[in-house]
Every structure is written in structure tokens, then in C-alpha cells.
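Protein chains in written order, with this note's numbering: chain A, 1 to 575; chain B, 1 to 163.
Ideal Cβ placement from N, Cα and C applies to all residues, glycine included.
Predicted, not measured: the structure shown is a model, and the values here were computed from it.
Following: one structure in C-alpha cells, then a few remarks.
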Amino acid sequence: MTTELLSGADMIVRFLQDEGVEHIYGYPGGAALHIYDALFRQDKVQHILVRHEQAAVHMADGYARATGKAGVALVTSGPGATNTITGIATAFMDSIPMVVLCGQVPSTLVGQDAFQETDMMGVSRPVVKHNLSVQHPSEIPGVLRKAFYIAQSGRPGPVVVDIPKDMTAPNERYEYVFPRKIKLRSYQPPQKGHAGQIRKALDMMLSARRPVIYSGGGIILGGASKRLTELAHTLGFPVTNTLMGLGGFPGTDKQFIGMLGMHGSYEANMAMHHADLIIALGARFDDRVTNAPDKFCPGAKIIHVDIDPASISKTIQADVPIVGPLDAVLKEMLSQLEDRGAKPDQEALKQWWKQIDEWRAYHGGRYRTDDSEMIKPQAVIEALYKITKGKAFVCSDVGQHQMFAAQYYKFDKPNRWINSGGLGTMGFGLPAAMGVKLEFPEEEVVCVTGEGSIQMNIQELSTCNQYNLPVKIVCLNNQSLGMVKQWQDMNYESRHSQSYMKSLPDFHKLMEAYGHEAITITKPEELEEGLRKAFAMKDKLVFVNVMVDPFEHVYPMQVARGSMKDMWLSKTERV
Amino acid sequence: MRRILSMLLENEPGALSRVVGLFSQRNYNIETLTVAATEDPTLSRLTVTTIGDDKVIEQITKQLNKLIEVVKVVDLTEGAHIERELMLLKVKASGAQRAEVKRTVDIFRGQIVDVTSSVYTIQLAGNSDKLDAFIQAVGRTCILEVVRTGVSGIARGEKTLTI
Ligand SMILES: Cc1ncc(C[n+]2csc(CCOP(=O)(O)OP(=O)(O)O)c2C)c(N)n1
Ligand SMILES: [Mg+2]
């Protein structure tokens, strides 16, 4: 075999080709120009030119959440690199696999306060799974292998690669071999769960009287939603999902009791509080889930399965901890269950379901429609669900609209609900939707947003134009930073400090300027028709500006520092 | 409770900053920290003393293990172990003081490693309590400068921390 001699820049591009990366998202600049030149001289890897580096990272993130594979972004040093930080932190909080390639000033200038120099290793360190810097061009294939391996294995996460410009110099060539395998002595993610612990967990599951399966983003990241569904069906247990776990268990299944937590369903939060066994699968007992930890589920024993041992017993002590990949652990559970041939106490389960169904009947996601002439935001999501037949990729921004989307769109499949859960990044929705649409051009991709969030990355409408990305943007326009306003209504006697968005742009003119379509819907009776019209324009990006009731709040809402069951169910009803 | 966490990490640029960054980022406490390469130049040995209850120490250990460059972590305080710290100090020593300081150094089995007409430079090794006691004994007022290395430690007996 003849060995190939390539420059560092060519190695990077060649590695991406060999790795099977089809799209990368980025923005050029001085320190990255050798790499951009190498991109120019080939056509296997397509580069998408965004309008702001934050959007490049969110695009990579959207791609990763929809496919499970690492998304790749490429930026220059200094401001290019620092602009990616919010996107990297967003991916980090939600454990999304991603590789961010950052140009850096030449190694000879590092530390000199050179033009466009920032210490990207230092700046990114707290928000990455790992970061690597290239010390010699010949190391590039190995460094990139390591970056992809770390990003995609174990508990996934973003990896930054810092590449000084001289590492990519065109006239310095080194041997290139695509490294297929890598082993790190200091990093060995678990491959399976402890069989003895799994047996103990099953003992508890078989003797539980009021069990709840509480599953999170780990089910989706770990590709375990089929096995979760099988396990839940075999046992007949109710399942609640976290915000990150929606779609991990079918949203239309009768065993699904909705999302849990701060804006979780009444029945999910009640079931959690009264449970005698909680089976946490790929979830991390986030403070938006548990409410006050000392009042959390007083009568429950806890089984906690996670690939990351540090997530177990971090906030809530687990009685049976199991460290391992979700899919492998659930597989083992199912097989042990079959061997035993045992069933949980059917009579107790029947009672438990009777109770849950009563809670369901009491609330059932109701919202008031008689207090306003205007469109209710919840109704927009219900109509969207109907028109897209529940099959769309829904990429959300952050705010009330996000919670309504999570509550009222029922996801039957994993990887379809794409939102910034951990960091809560406004501006995430549109670029994430773009990353998904590029990969799934035939599927409906919707960005559910607010008039606040959309303006945080609105420049990407230009990118959508350039690459023909006909996503549908459904804007729940309440003319305010609704979620902030809701907190001010509830905690600050309605003093709406800076939560109004006065002087909104004319979205129709704005869309026209970018070459897109816009529809404004103001009346409830026009809602479905308006949405249908938008979705009928298959090849167009359509901005659907839905004027919704600006006074609406998201309910249920847990009472601060209370237990799971302490909730506001409406502006006047507290349980 | 005071704990001594000892770890092996890849001797790579940036590895130390990750460990230190983790402690500040997660609001863990660092009392002392020492680090140097081992007999295998690709590995560093890092010892940190910290304070926390069992739950906190468990989290610190797990979070440290999560850092890609950390190869192994042990809590030396869980078993029998030896800990040592080295201290160098300059002490005022003139007139009658000279003999008095010398006597104290001898009692603590330290060494005077440099001398001028008015200053002794003293070297003392031991566990941290012993070094604290020495500072008490000579008295704050005559101490000019103190340099302590921080704790390093090793398990007693056959137990070793290797890869
Ligand atoms: C980058 C960023 N800045 C601030 C916030 C705090 N925040 C959370 S929700 C929200 C309001 C969002 O307004 P809008 O997009 O109109 O959504 P709505 O709540 O009105 O549906 C704000 C400011 C945030 N999540 N992200
Ligand atoms: Mg709004």
C-alpha cells in the first residue's frame, strides 16, 4: 500500500470524508483558511455557511439529536471560537455528541496576545466533555479519531479541537492513515450493567405496588426506546418522560402519563409523589424535575440506571444504582424477567392504575378557552399535531411555547422532539431545525418558537435561503417574553420588568426580504386553515405568525420548594 | 471530614487545569495540592486534600474519574496510609533566640539548612499537624516566611496505585 502524504488541512478534510461526515456547518476566518481551501478542493464534504457561529453549532446539534451521530462545526479563532460557546454549552448540558473544530493562531504566536487569539482550550473547558489541541500536523488523524470517539461514546458530549494555523500549512505534508480504532487507558465507558444489581432491581420491580418508570434523555441517546417500550409493556407499569426524554416512550401509548416536573402533567407528578418504586432510566433528577429534593417522593425506593456513575445519587440517593448503557441494561432486565417467568402483583397494579386514571380524569391537560377571544397557544400545538399527523420533527426554542409544545405534541418516536432542555437556550430552535431539515429533506421539520426567541438567531433565514431549507416556523406570538412575564405575574405582583417586546418587526416584510413566506393567524377559527396553508407550501420556508392570548400561563406549574404534588393547575387553583 | 485523594493522570498539557477547574466549577474545596511526574514519565501523580462529607467525596471522586485524562483515583484516608508534607521556613534568630530556635528544630527533628547572622532557614517534614505544631512552637512573631509543599501520601503495606 502506498502511503499518502497530505497537509494538515487536507488531512482534516480527508478524515471527515473517511468518517462519513457529509455536512459541516461553519464560518471562515484567518486561522481556518488553510482548512477552507482544502474544503474548496473537494466535493464530498459539504460546508454550510451560517450567518453566526452560534448557529453553526446549533445546526450540528440538531443533526446530532435527530440522527444520534456527532455533528461537526468549523470556525476560526478568537471571535469565531467564542461565538460557539453558547452552542457548545447547550450540547454539553444535554449530552449531545459533537465535534467543534476551531482555528487558532499559529503555535509560534500562541500566548502573545496575537490578533484573534483567545485561549479556546481554557474558555471551553467547563462546557465540553473534552478538548484537544493539535501539537503537530502528523497527529491530526489520531486527534480527530479521539475527538469523535470521546464525543460519541459513553455519555456523549461536545469535544473541541483547537488547531493552530501552522498545523494546517499547505506545504508541510505527512503520512495519512485513517485510524479506525482507538483505546484510551484513562477512558473506558461501561459496556454493560452489573447482573446482580439488575436482579436486585427486578426483585423490587416485581414486588412493587405503585411503580413508576421515569425515563429521560439517556433512553434516546442510548437508542433504548424499543427496549423501554417492551419492558413497560411486559410489566404494565406507567411511564413518565422528562422534557429530554419525550418520544423515548410512545406519547400516545395508554401507559404514558405525560411529562413530569415543573410543568409536568398532573397525573405524572401525582403518580411520582405517591409511588413506592421509581425506576429512573437515563434521567438525572434535575432540579426542574424533583422540585425540593428533601420533599421528593417520600415513600419511594429508587432504582437508577445511567451510563454516567456521577449522575447516580448526585441529588437523590439511589437504593439500587446500576451503571451501564441503557440498552444493554434493559436487554438484561428483559431476559432475566423472561427466565423468571414472574409477574408483578396484578391486583396492586390494577388499583394503582385506577388511581392514576382518576388523576388523569381530574386534569387531563385541560386549559381554559372561555377567558379570551384570542387563540390559545395550547390549541396551536394541538392543531399542529393534527396537521402534521404527529410525525414532524419539532425543534423548539425556549419559553412558554416550548412547554406547550412538550405538553401537547405527542411524540411516538425518539429523536423527533428537539429542544434545549438543560441550558434553555433561546435561539436554538431555528438553526437546530435547519440541521435536521438538511438531513431529512423529505420530512416535515417545524420550529416552534416565540417572537422573542426567534430574534436571537433570525439572521439564519438568510442561510435557509441559500441552501433551500424549507422549514416551517410556527411562532406563538404573545408579544412578550411570556415565560418571564409568567414568573413576574406569579412572583413579582405582575411587575413586567423588561418582559415586553415593544417594536416587533413586521414579520411579513422581514420574510419577504429574506425570500420566504409569512402567514399571520389571529382568529381561532382560522387556525387550522392557516396552518394547512403553510404546510401546503412544501418547498417554501413559511413563517406562521400566530397571535395568541398574551395572558396565558403554562400549567400545571409546581409550587417552588414544594414536593412533586404541589402544583398550580390554573391561575386560581392550587393543589 | 478531611480526605486525601490521590490520583494518576496523563502527563499532558491541560490535564492539571481540568482537575483544578473541576474543583472551582463545582464548588469543591482544595486545602492542598501537589503534582509531579512519576517513574513513568507519561503519568503524573496528583494528591489533593479536601474537606467534605461522604456524599461530597463520592461526587468529587466520580467527577474526577469522569475527566478523560484521569486514569485512577483513590481516597487514601479510607485505609492505613502515610502522609508527608515538607516545609521550608525562615525564622528570626539572633542573640538568645538562636539557641531556643535550634532546640525547637531538634525536638521536631527538623534541619537548619541555611544560616546568616540573624536568620535560620529551616527544613521540616511530617504530617500537616506536626508542621502546624512547629509553627506554634517557634511562634508567629519570629517567622519571616513559610513555604509548604502540601500533602503527598501513599497507602501502607502492599497496596499500590498503579495502572
Ligand atoms: C439566551 C437566553 N436568554 C434569556 C433567557 C431567559 N428566558 C427564558 S424564557 C424567556 C422568554 C422567551 O420569550 P419568547 O421566545 O417570546 O417565548 P414565550 O415564553 O413568550 O413563549 C427568557 C427571556 C433564556 N432562556 N435564554
Ligand atoms: Mg413570546
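Member of the options whose CA lies at the smallest distance from the CA of residue i
i: A/I140; options: A/D166, A/P156, A/L235 and A/M121; result: A/D166
i: B/T149; options: B/T42, B/V20, B/T47 and B/L9; result: B/T47
i: B/A36; options: B/D53, B/K130, B/L89 and B/S6; result: B/S6
i: A/V548; options: A/H233, A/N457, A/E451 and A/Q135; result: A/E451
i: A/D43; options: A/V212, A/G26 and A/V21; result: A/V21
i: A/L74; options: A/I35, A/H304 and A/P97; result: A/I35
i: B/V146; options: B/N127, B/Q123 and B/D129; result: B/Q123
i: A/W417; options: A/R65, A/M98 and A/P28; result: A/R65
i: B/Q111; options: B/L89, B/I143, B/S118 and B/S117; result: B/L89
i: A/V559; options: A/P441, A/K386 and A/F296; result: A/F296
i: A/T449; options: A/Q479, A/Q466 and A/L469; result: A/Q479
i: B/I154; options: B/G139, B/L9, B/Y28 and B/T77; result: B/T77
i: A/V394; options: A/H363, A/V436, A/Q355 and A/G365; result: A/V436
Neighbour-count burial assignment, residue i, 16 or more Cβ in a 10 Å radius
i: A/D308; result: buried
i: A/E573; result: exposed
i: A/F40; result: exposed
i: B/I51; result: exposed
i: A/H47; result: buried
i: A/F404; result: buried
i: B/M1; result: exposed
i: A/I24; result: buried
i: B/T160; result: exposed
i: A/S335; result: exposed
i: A/H553; result: buried
i: A/H136; result: exposed
i: A/L49; result: exposed
CB-CB length for residue i against residue j, believed under 8 Å
i: A/T240; j: A/Y214; result: 5 Å
i: A/N457; j: A/H52; result: 7 Å
i: A/D119; j: A/R210; result: The Cβ separation is near 53 Å, so there is no contact.
Inter-residue Cα distance where the pair is residue i and residue j
i: A/I142; j: A/P179; result: As written in the sequence, residue 142 of chain A is Gly, which differs from the Ile given in the question. Approximately 7 Å, taken between the alpha carbons.
i: A/S351; j: A/D345; result: For clarity, residue 351 of chain A is Gln in the given sequence; the question names Ser instead. If you take the alpha carbons of A/Q351 and A/D345, they lie about 10 Å apart.
i: A/D203; j: A/R227; result: 19 Å
i: A/E358; j: A/L569; result: 16 Å
i: B/F23; j: A/L206; result: 41 Å
i: A/R532; j: A/L384; result: 9 Å
i: B/N11; j: A/Q188; result: 18 Å
i: A/H353; j: A/D306; result: The question names His, yet the displayed sequence has Trp at residue 353 of chain A. When rounded, the distance between both Cα atoms is 27 Å.
i: A/G111; j: B/P13; result: 14 Å
i: A/Y196; j: A/H304; result: According to the sequence shown, residue 196 of chain A is Gly rather than Tyr. Spanning the two alpha carbons is a distance of roughly 14 Å.
i: A/G223; j: A/K502; result: 44 Å
i: A/N545; j: A/I473; result: 8 Å
i: A/A318; j: A/A89; result: 28 Å
i: A/T522; j: A/F237; result: 42 Å
i: B/L67; j: B/I60; result: 11 Å
i: A/L476; j: A/F507; result: 13 Å
i: A/G399; j: A/L349; result: 37 Å
i: A/Q498; j: A/V100; result: 35 Å
i: A/K129; j: A/L5; result: 31 Å
i: B/Q171; j: B/N65; result: Outside the shown range of chain B, which is 1 to 163, sits residue 171 of chain B, and nothing can be said about it.
i: A/S583; j: A/L423; result: This structure leaves residue 583 of chain A out entirely; chain A is present only between 1 and 575.
i: A/S313; j: A/P321; result: 8 Å
i: A/K192; j: A/I198; result: 11 Å
i: A/W487; j: B/R140; result: 55 Å
i: A/I375; j: A/E528; result: 11 Å
Three-state class that DSSP yields for residue i in the structure shown
i: B/V35; result: strand
i: B/N29; result: coil
i: A/V289; result: helix
i: A/L244; result: Leu is not the amino acid found at residue 244 of chain A; the sequence shown has Met there. Helix, per DSSP.
i: A/L330; result: helix
i: A/G324; result: coil
i: A/F393; result: strand
i: A/N415; result: coil
i: A/M564; result: coil
i: B/H81; result: strand
i: A/A518; result: strand
i: A/C475; result: strand
i: B/M164; result: Outside the modelled stretch of chain B, which goes from 1 to 163, sits residue 164 of chain B, for which no answer is possible.
i: A/I257; result: strand
i: A/A433; result: helix
Within chain D, the residues that residue i reaches when beta carbons sit closer than 9 Å
i: A/P158; result: Note that chain D does not occur in the displayed structure, where the protein chains are A and B.
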